[in-house]
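What follows is a set of notes on a single structure, which appears directly below.
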């Protein structure tokens, strides 16, 4: 490691990663720049005391995921830029058992730490890097809050080939296709819009949209509309991974107005193409995982992805970092060494750090617990983040909140949704906070806050964190809370495109009706229309089949025609069929069918729905689409989510209805034992509280199928022996 004046290699390459020879070309040395500092941070109040890149995601600091991603893509030299809290970042990296000075397993040939104390924007970093002339060839630029498992071999090769063909191709942005449906790591509040020429993947323009904008439209150059095809993409996740040429740094240095990488630099370079002739391209990936924890909502969403194992191999029980000792247990729980629980402690879908302990009767679900934590008896922790060395005493409830290192919460307290309890805060017994309360010991200026005893109690420590310089018209305010909300703003929430972070919402049951001001791409409009029309068409056929004899053959023709005209994907098809069959079974159970107003038991309602003439063939061919396990799993997940989203049902009835539908589909050869068993083992079937609760009602069916299969195998074995 080094100071401003330079750096040196600190370790040899990892096993299997070839080191460059002295006679190799410089182009073979892959370098990367990590922007570890984050300006205009939305991790308040935590970022006042600790940089975002060191905040723990599933008990591992974010920058460790970033470095591991660079390692798996065979980067050899890393340059880390930081300003605020630079000493913390430097100390973490230099003393880390994998990256540090004393490490014998560091995968990099060189790590150079470059603090720029007076930096106020990312532009200051990159202009400094340009002066140092470290980057003589292509390099990667990433941020210290990146979690990704993608392979950059193809994007790098494409970029280099394009560069050989045209020297004005100066940068390639790696973007991730999130689809048009709800996705965990889509941005909320601020929506990036990329204008792309799909024939050569060149980015033509970049804009951002927000519900706070007075104008609900974007301006497009007429030249772009003259192209045979042009894509306006609002469905892309910006990973912040850029493959750059040295000219990128030169462009930053030429304009001191550039402060932000997308809103300023990218927008400006593309807008001034006729002047500079520099071109930026996109590489849109469809497989793998890549996302940035740019705000608390994405931090929450990415944690759910870690728990759901979408980020593999970056999951706790892989123990990627030296010293980690996580083991995966039942109910998707990962425990490190030294964790102590009582027989009556219940943990589900959670990660617990080393040496933490729990009292009797405590329930923890869908949460992250750090190391050295003390959780008392009869405590309830749900959808929350408890960092290191935290104490939560008996009888307290914590719901979808964050409690930072060293904080203490007394007995019988209530920490409600979207509360943020910062470092070292102490809350006395019996305190009940209001929703979305931020409690800290320091203010936005870093100066200690006086203790507010009305907030934390007579023996407490901490006050309410309020940033008086906040601008209510700044779209970033939509991202400062753990929960996406527009309630504090003077706008109508109905006119805003929102994206849910949790799969247990009921958005799959009834798609939202877009407002007149809501910007949507043609593909979004088409697939949304397809879902509504497809669900209604299937429902009409199911209803008619119980009265006048609906025709599923005719419905299949109409359905196929609708799918082709809307260019609907397999996922869209499965979702619409699952929602239609779930709704029909619910109607029969609730007695809402005009031809049979008597409510039916869930099992009978499921039987009546699936036994309609032609329905099983339609489900088998159009819904599942084959015997492959992955197709069956995808359809069952769609059906599970549709049932979990039924507004009229509690989870118990919904789960019984799902069990009845699966039983009928199994009996009618739509699904088989292997498909149902594969769904049961799939982590997505437990992704969210309502999904898990609904799934639990199917346990009896799954165990019965597994037992029947075992008995069948034993019988076959006995016959072979005879």
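Numbering (full-length UniProt numbering), first residue to last: 1 to 722.
A virtual CB, placed ideally from N, CA and C, is assigned to each residue, including glycine.
Asked	Found
Inter-residue Cα distance where the pair is residue 52 and residue 614	56 Å
Same chain, Cβ closer than 8 Å to residue 782, neighbours up to 5 away in sequence not counted	Coverage of the chain is limited to positions 1 through 722, which leaves residue 782 absent and any answer about it impossible.
Any alpha helix (DSSP H) of 4 or more consecutive residues that is wholly inside the segment 637 to 688	651 to 667, 673 to 681
For residue 708, the nearest candidate out of 674, 682, 681 (CA to CA)	674
According to DSSP, residues forming a beta bridge with residue 464	439
Selection from 628, 30, 382, 83 that minimises the alpha carbon distance to residue 348	382
Residues near residue 692 in its chain [Cβ-Cβ closer than 6 Å; skip 5 each side]	686
Opening and closing residue of the alpha helix (DSSP H) in which residue 123 lies	122 to 132
Proximal residues to residue 258 (C-beta, below 7 Å), its chain only, five neighbours per side dropped	123, 252, 264, 265, 268
Close-in-space but distant-in-sequence residues of the same chain around residue 702 (CB under 8 Å, 5 per side omitted)	676, 677, 680
Start and end residues, alpha helix (DSSP H) containing residue 580	570 to 590
Buried/exposed call for residue 635, threshold 16 Cβ in 10 Å	buried
Spatial neighbours of residue 134 in its chain, beta-carbon cut-off 7 Å, leaving aside the 5 residues before and after	79
Residues that DSSP places opposite residue 106 in a beta bridge	None; residue 106 has no bridge partner.
Residue 585 and residue 609 closer than 8 Å at C-beta	yes
Where the beta strand (DSSP E) containing residue 77 begins and where it ends	77 to 82
Unbroken beta strand (DSSP E) run spanning residue 197, endpoints	191 to 197
Validate contact between the segment 69 to 88 and the segment 141 to 156 using beta carbons, cut 8 Å, 3 pairs	yes
Beta bridge counterpart(s) of residue 245 as assigned by DSSP	Partner(s): none; residue 245 has no beta bridge.
Beta-carbon proximity check, residue 370 vs residue 56, cutoff 8 Å	yes
Residue 571 Cβ short of 7 Å to the ligand NAD heavy atom set	For the ligand NAD, the structure offers nothing, since it holds no ligand at all.
Extent of the continuous alpha helix (DSSP H) to which residue 34 belongs	Residue 34 -> not in any alpha helix (DSSP H); beta strand (DSSP E) instead, spanning 31 to 35.
Span separating the alpha-carbon of residue 525 from that of residue 569	Any reading at residue 525 is ruled out, since the residue's pLDDT is 44, under 50, leaving its predicted position unreliable.
Among 202, 102, 160, the one whose alpha carbon lies nearest that of residue 28	160
Nearest to residue 44 (by Cα), restricted to the options 346, 464, 209, 143	464
Residue environment, residue 565, which counts as buried when at least 16 other CB atoms sit within 10 Å	exposed
Residue range of the unbroken alpha helix (DSSP H) whose run includes residue 616	615 to 618
Nearest neighbour of residue 420, chosen from 378, 395, 466, 411 [CA to CA]	466
Straight-line gap, residue 448 to residue 372 (C-alpha atoms, nearest Å)	26 Å
Where residue 249 falls, given that 16 or more other Cβ within 10 Å makes a residue buried	buried
Alpha-carbon spacing of residue 631 relative to residue 376, whole angstroms	44 Å
Inter-residue Cα distance where the pair is residue 710 and residue 672	15 Å
Endpoints, the beta strand (DSSP E) within which residue 173 is located	169 to 177
Length at least 3, wholly inside the segment 354 to 440: the beta strand (DSSP E) runs in chain order	363 to 365, 380 to 382, 397 to 399, 438 to 440
The segment 272 to 284 touching the segment 659 to 666, judged by at least three CB pairs closer than 8 Å	no
C-alpha distance - residue 120 paired with residue 39, whole-angstrom precision	7 Å
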